C-alpha cells in the first residue's frame with residue numbers, strides 16, 4: 019500500500035458520485051506522488067450507483083475524470099463488501115505480476131434518495147425472491163440475527179448498545195466521520211425501534227463518501243512512499259445470500275473462513291492482531307465479528323463488547339475510526355475506507371484516533387447478511 | 028407434508044420499505060418447517076417468539092403469512 023485518500027463521509031447534497039470518487043482518487047495519487055498516466059488498472063467498488071443515482075458504466079466514468087485511460091477499468095459489486103472485493107482482486111492482479119500500479123476506489127452516493135427508497139435499494143443485497151419479498155429489510159435481517167444470538171448466548175441489549183457507545187466515542191474524534199457525536203448508554207437504549215431488537219442507535223448511517231488506495235509490488239514501494247504498509251494476508255469468501263438458507267445465523271461462516279485463510283497467509287494468530295476495523299453495519303455484527311475472527315469464543319462477543327477491551331485505549335482496539343456506526347457507511351466505499359484507516363494507523367498518522375500498538379491491523383468487510391466476506395491483514399513494511 | 032413449523036427467529040419491522048409502509052409495524056419470522064428447511068414468513072395476529080409453534084394462515088402476493096398454532 020503506497021497511497022491512500024478519503025473524502026469525509028456524510029450527507030453532501032451538493033456533491034455527486036463522480037466528484038466524491040475523483041476527490042478520493044486525487045488525494046490518493048497525490049499521497050503517493052503518482053500521475054494518473056502511471057496507473058495500470060483501475061478497480062472500483064460500488065454497490066448500487068445505477069439505483070441510487072442512475073449511472074452505469076461507473077469504472078471508466080470515474081477513471082476518465084481522474085485522467086486515467088487506456089487501461090482496464092472495472093466495477094465490482096458485492097453489496098457492502100463491493101470495494102473489499104475490488105481490493106482483493108486488485109491485490110491478486112499485482113501479486114500475479116499482471117500489473118504494478120493499481121488504483122482501487124470505492125464510492126457510494128446514497129443520500130439523494132429518501133430513506134424508504136434507500137431501504138428498498140439496500141434490500142436488493144438480500145434474496146428478493148424470498149426474504150425481501152416477505153418484507154425483510156437489512157435492519158430486519160440483522161434484527162433476526164440479533165434475536166437468535168440473544169436466545170442462544172444470552173446476549174443483551176446493553177451489550178449491543180455498548181458497541182454503539184464505544185464507536186460514537188471514537189468517531190467523535192474522527193474529522194472525516196459522518197456523525198461526530200458522543201452518545202450515552204441511556205440514549206442508545208432508548209432509541210426509536212427500527213427492527214426489533216435493533217434501534218436507530220444499533221444501525222450504521224446512510225452516507226455519501228469515497229475512498230481510494232494505491233497498490234504496488236513491495237520491491238517498488240520505496241519509489242512512492244517512505245511509509246508503505248504491507249499486505250500480509252487477504253481472503254475473500256462467500257456463503258448463501260438468503261438468511262433462511264443458512265444453518266446457523268449467529269455466525270458469519272464466510273468471515274470465519276476468510277479470517278482463517280488470511281491468518282494462515284500472514285502467518286499470524288488471532289491474538290497477534292493489535293487492532294481491527296470491523297464491519298459494524300449493525301451493533302450485533304461487531305459482536306459476531308469478534309467471535310468469527312477468533313478473538314473470543316462463540317457466544318462471548320456480547321460480554322467482550324461491554325468489557326472495555328475493545329476501546330480506543332485498550333490493548334486491542336476495535337473500530338478506532340468510529341466504525342460504520344459513527345464514521346458512516348457509504349456501502350461501496352466502506353471496504354477501501356477500512357483499508358485507508360488501517361494504513362493511517364500503521365503510519366502513525368491517525369491523530370486523536372491513534373492506537374498504541376499499530377504494527378499489525380486487520381480489516382473485516384461483510385457483504386449483505388454474510389454472503390461475501392473479505393478479511394485483510396496489514397503490517398508495517 | 029405439514030407446513031407447520033417452529034419459529035427459529037423473529038423481528039418486528041418498524042422502518043419499512045415503500046411497499047410495506049402501510050403494514051408497519053409488522054412481524055417477520057424465519058420458521059423451521061417439519062422437513063427441517065427454513066422459510067421467511069410474515070406473522071398474522073398475536074406476536075410470536077423463538078420456539079413458538081406456527082402454522083400457515085394464508086398466502087398473499089406470493090408471501091406466506093403464518094400465525095401462532097393453538
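Residue numbers (the working numbering), protein chains in the order written: chain A, 19 to 399; chain B, 28 to 97.
For each residue, glycine too, the CB sits at the ideal point set by N, CA and C.
Source: prediction; values computed, not measured.
Straight-line gap, residue 70 (chain A) to residue 27 (chain A) (C-alpha atoms, nearest Å): 16 Å
What does residue 161 (chain A) reach in chain B if we use C-beta pairs closer than 7 Å? Within 7 Å Cβ-Cβ: 38.
Does the beta carbon of residue 70 (chain B) come closer than 8 Å to any beta carbon on chain A? no
Could you name the residues that DSSP lists as bridge partners for residue 256 (chain A)? A:390
What does residue 154 (chain A) touch in chain B if you count any residue whose Cβ is under 7 Å from its own? 55 and 67
Measuring only the C-alpha atoms, how far is residue 47 (chain A) from residue 242 (chain A)? 10 Å
Residue 48 (chain B) versus chain A: which residues are under 7 Å apart at the beta carbon? 134
So, using beta-carbon positions, are residue 121 (chain A) and residue 230 (chain A) closer together than 8 Å? yes
Beta carbon of residue 157 (chain A), beta carbon of residue 212 (chain A): below 8 Å? For residue 157 (chain A) and residue 212 (chain A), yes; Cβs fall inside 8 Å.
If we define contact as Cβ-Cβ less than 8 Å, is residue 137 (chain A) a contact residue for chain C? In the displayed structure, chain C is absent; the protein chains listed are A and B.
Proximity of residue 189 (chain A) and residue 197 (chain A) at Cβ, strictly below 8 Å: yes
Thinking C-beta only, is residue 306 (chain A) closer than 8 Å to residue 394 (chain A)? no
Same chain, Cβ closer than 6 Å to residue 78 (chain A), five either side skipped, listed in chain order: 91
If you draw a straight line from the alpha carbon of residue 265 (chain A) to that of residue 275 (chain A), how long is it in whole angstroms? Near 15 Å, if we compare the C-alpha coordinates of residue 275 (chain A) and residue 265 (chain A).
Which residues mark the beginning and the end of the beta strand (DSSP E) in which residue 379 (chain A) is found? 378 to 385
Length-filtered (3 minimum) beta strand (DSSP E) runs lying within the region 267 to 322 of chain A: 293 to 295
Listed by chain order, chain B residues near residue 382 (chain A) by CB distance under 7 Å: Simply none; closest approach about 23 Å.
For the alpha helix (DSSP H) containing residue 166 (chain A), name the first residue and the last one. 156 to 171
Please compile the residues from chain B whose C-beta is within a distance smaller than 7 Å of the C-beta of residue 214 (chain A). 38 and 39
Could you tell me whether the Cβ atoms of residue 179 (chain A) and residue 206 (chain A) are closer together than 8 Å? yes
Check each residue of the region 192 to 221 of chain A: if its Cβ is closer than 7 Å to any Cβ of chain B, include it; give the result in chain order. 211, 212, 213 and 214
What residues in the region 254 to 270 of chain A bring their beta carbon closer than 7 Å to a beta carbon of chain B? 261, 262 and 267
Please check the pair residue 226 (chain A) and residue 38 (chain A), which I expect to be a contact at CB under 8 Å, by giving their CB distance rounded to whole angstroms. 6 Å
According to DSSP, residue 54 (chain B) sits in a beta bridge with which residue or residues? B:39 and B:70
Does any residue of chain B have a CB that is nearer than 8 Å to the CB of residue 68 (chain A)? For residue 68 (chain A), no Cβ of chain B is located within less than 8 Å of the residue's own Cβ.
Contact set between the region 90 to 104 of chain A and chain B, restricted to residues whose Cβ is under 7 Å from the partner: none
Determine, using beta carbons only, whether residue 251 (chain A) and residue 203 (chain A) come nearer to each other than 8 Å. no
CB contact check: residue 165 (chain A) to chain B, cutoff 8 Å: It does: the Cβ of residue 165 (chain A) has a partner Cβ on chain B nearer than 8 Å.
Which residues in chain A have a C-beta closer than 7 Å to the C-beta of residue 44 (chain B)? List them in chain order. 134, 137, 138, 141 and 155
Return the residue from the list A:50, A:102 and A:148 that minimises the CA-CA distance to residue 90 (chain B). A:148
Might you give, ordered along the chain, the residues of its own chain that have their beta carbon closer than 7 Å to the beta carbon of residue 49 (chain A), omitting 5 neighbours on each side? 21, 22 and 23
For residue 62 (chain A) and residue 339 (chain A), I'd like the C-alpha separation in whole angstroms. 22 Å
Using a Cβ-Cβ cut-off of 8 Å, state whether residue 89 (chain B) counts as contacting chain A. yes
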